[in-house]
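Following: one structure in structure tokens, then a few remarks.
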Amino acid sequence: MSPQQRADELRRIINAHNYRYYVLNEPSISDRDFDNLLKELEQIEKDHPELDDPLSPTHRVGSDLTTGFEQAMHIRPMLSLGNTYSVEEVDAFFARVKDGLEGEEFEIVGEMKFDGTSISLIYEDGRLVRAVTRGDGTRGDVVTENIKTIRSIPLTLQGEGWPHSLEIRGEVLLPWKEFDRLNSERAFNEEPLFANPRNAASGTLKLMAPKEVAKRGLDVIFYYVLGDTLPYDNHYDNLMAARSWGFKISEHVRLLHSTEQVNEYISYWEKERKALPVATDGLVLKVNSLKQQLNLGFTAKSPRWAIAYKFPAERALTRLRYVSFEVGRMGLITPVSNLEPVLLSGTVVKRASLHNQDIMQRLDLHEHDMLWVEKGGEIIPKITGVDESQRLNGTKPVEFVTHCPACGTPLVRVEGEAAWVCPNKFGCTPQIAGRIEHFVGRRMMNIEGIGEEMVQQLVDSGLVKDIADIYDLTVERLTSLEGVADKGARRIIKGIEESKQVPFERVVYALSIPYVGETGSKKLARALGDIDTIASTPYEKLVEIEDIGPRIAESIINYFKNEKKREIVQRLREAGVQMAMPDGHDLTLSETFAGKTIVISGTFTHHSRDEYKAIIESHGGKNGSSVSKKTDFILAGDNMGPAKLEKAAKLGVPVIDEESFLGMLPQ
Ligand code: IVH
């Protein structure tokens, strides 16, 4: 079998397994066997770059290299749906439909209204060519690379009967489980939380880093097939056909034949939707026949043949006990409402964040007010209003604190933001404890045995006042703490010892430099190589680094201006913590192009020519200046010179486009 044939075969097999796994939820192969197939395909594509295909399943992981979104016009505008909130309004919709169809009988398709962000995918000849967000309904962002990372989306269609030119629309979703995971990670990193899976899904889809998108666990459920040559004359059958082509279609789509059946469908899902793994905010009812849809037509904003039925938002009224002010790792103060416990969507709510001073003032919160708590699509309860009619006589407005509730230091307002911080970085217990908790965390120094409670004990006992003190701990000092036995103490000391091998990029993240997150730390470490260079690089140079914006650059400068911070870094270095990238890190990133000579020609979108030259070298390749027999392939951008193209054809030198080239790089 030729490599070409094997690659085609592997792509077919892998796509089929992806489909079984991500769409049908019926894997028929072990993860390990699947990875082996993928590795074999990767190897073929690496050995034969000319056989690579941007739609190969090996490129699902995404690259970090998207630099901006293009926009594209929608072939057919993406409209929204009219909303209804009661069975009466739904009946009125049926009456309108009946009227519009001059009394003709009609069938209804009932569907979930998934609460994510909509996407339009275009397939030509069964191959995904473009994914566009709704945008303003007429034009949207082209997010194809990000969409390709979603495993349940078929890159090439299976089965038969799909139109040569197909558009399919669906909702990009972040399942509750992934949403919770993402938010707890963000809470830990003190990054702002996503209010609901919808915001998280649309935020994720717009990330400039497909690699990060790939990690987030997005999914898509499709609900609308469009094309001039669809196989069936009704919506339901076309959806089922799309399912056979490899698309994920909700299992809860139903054909409904009477208003009674519609009402049953509504009352069933009003309760049952809570058990679904994804967020829904209602149901959608659609006239099934495409001919009838055409007859009914559209208003300027929405189809006359479909309606959304919105579930009532779940809310409850409860009394405010008091507002507490909590201090985070970076000193940020968050007001939190502490409530009389109230039952909401099956959980007891006792606390809800008030976010910041502006939000608190907008609510005009008074002591012991009755507050509306809402969950709706949001998992984190939210205060949406105050019932002023129940305000008690003589109660005063709740004021934002002026001093740190933990250490008493006057608060400082963050310029340009509604946020207040406690500036007492080294004397304020929750900040110290927060930084230490972050430092020892799994994604940072990963020191086993030191959890939240242990941190509190270490701080309270005065044994640890800053992150460098961790390296002065001994078994004796640890066993002096209440409840710490010899075995536990030894485990901690072992963990501390092992943390000295943690790579430098994670050390940078562990330092808690405000605004420097996990990605920023990696970029800084890789671009500058060691801590002294990071500490001494001027602002103008810092902002040149990818992902380092003005606010982050300023924060890095401020951090290293502080003598105490510099001293801590010095003590960490003396303790043996990694303060530089390993030797030669910046020279070779991989051996992808080892022994290969590559000629660059034309103009590019993602990187400059010089950057491509550097990329080739850092992955072991050589840059050739002219096309010859020795050229392994040409990296061709737009407007490649015709002479070069001709020569390449004559010598049989493969010509690789920019996207395919980027896809060859290790992810
Ligand atoms: S049909 C022309 N079906 O709701 C009608 N939309 O307000 C096209 N949505 O933008 C929409 N689930 O993002 C349809 N089963 C479903 C849906 C659904 C969620 C979203 C979609 C659309 C919005 C309409």
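Residue numbering for the sequence shown follows our numbering, starting at 4 and increasing by one per position.
A virtual CB, placed ideally from N, CA and C, is assigned to each residue, including glycine.
In this structure residue 610 is not in contact with residue 668, their Cβ atoms being roughly 11 Å apart against a cut-off of 8 Å.
In terms of side-chain proximity, the C-beta atom of residue 117 is found nearer than 7 Å to a non-hydrogen atom of ligand 1.
Residue environment for residue 646: exposed (fewer than 16 other C-beta atoms within 10 angstroms of its C-beta). Residue 172 is positioned such that its CB atom lies closer than 8 Å to that of residue 225.
Between residue 251 and residue 223, the C-beta spacing is below 8 Å. Classified as exposed, residue 325 has fewer than 16 neighbouring CB atoms from the shown chains inside 10 Å of its CB. For residue 284, the uninterrupted beta strand (DSSP E) segment begins and ends at 283-290. Each residue's CA atom was taken as its position, placing residue 137 and residue 121 some 6 Å apart. Between the segment 364-372 and the segment 384-392 there are three or more C-beta pairs closer than 8 Å, enough to call the two in contact.
In the three-state scheme derived from DSSP, where H, G and I count as helix and E and B as strand, residue 260 is classed as coil. Given a length threshold of 3 residues, each whole run of the beta strand (DSSP E) inside the segment 570-657 is given here in chain order: 600-604, 625-627 and 636-639. In this structure the segment 612-631 does not touch the segment 572-587; the number of beta carbon pairs closer than 8 Å is below three. Within a 10 Å sphere around the beta-carbon of residue 55 sit 16 or more other beta-carbons, which makes this residue buried. The beta carbon of residue 435 lies closer than 6 Å to those of 462 in the same chain, with the five residues before and after it left out. Counting along the chain, the unbroken alpha helix (DSSP H) around residue 184 starts and ends at 179-191. The distance from the Cβ of residue 472 to that of residue 482 is about 17 Å, inconsistent with a contact at the 8 Å cut-off. Remark: the shortest separation between the CB of residue 174 and any heavy atom of ligand 1 falls under 7 Å. From the listed residues 181, 569, 125 and 63, the smallest Cα separation to residue 470 is found for 569. DSSP places residue 332 in the coil class of the three-state scheme, outside both helix and strand.
Here residue 16 has 40 as same chain residues with Cβ atoms under 8 Å from its own Cβ, once five neighbours each way along the sequence are excluded. Across the set 5, 46, 52 and 18, the C-alpha of 52 shows the shortest separation from the C-alpha of residue 656. Between residue 93 and residue 178, the CB-CB gap reaches or exceeds 8 Å. Contact between residue 100 and residue 299 is confirmed by a C-beta separation of about 7 Å, below the 8 Å threshold. Counting C-beta pairs with one atom in each stretch, the segment 151-168 and the segment 323-343 have fewer than three that are closer than 8 Å, which means they do not touch. When the five nearest sequence neighbours on each side are left out, the beta carbons in the same chain lying within less than 8 Å of the beta carbon of residue 221 are those of 152, 153, 175, 176, 177, 181, 204, 207 and 208, in order along the chain.
Residue 431 has its alpha-carbon roughly 26 Å from the corresponding atom of residue 534. Per DSSP, the continuous alpha helix (DSSP H) segment holding residue 496 begins and ends at 489-501.
By the Cβ rule, the segment 68-88 counts as touching the segment 300-314, because three or more pairs are nearer than 8 Å. The shortest C-alpha to C-alpha distance from residue 519 to any of 503, 553 and 486 is the one to 553. Secondary structure at residue 505: coil, using DSSP grouped into helix, strand and coil. Assigned with DSSP and collapsed to three states, residue 340 falls in strand. For ligand 1, no non-hydrogen atom lies closer than 7 Å to the CB of residue 292.
It is roughly 6 Å from the alpha-carbon of residue 641 to the alpha-carbon of residue 607.
Exclusion of the five residues before and after residue 58 leaves 130, 131, 158 and 159 as the residues of its chain whose Cβ lies within less than 7 Å of its Cβ.
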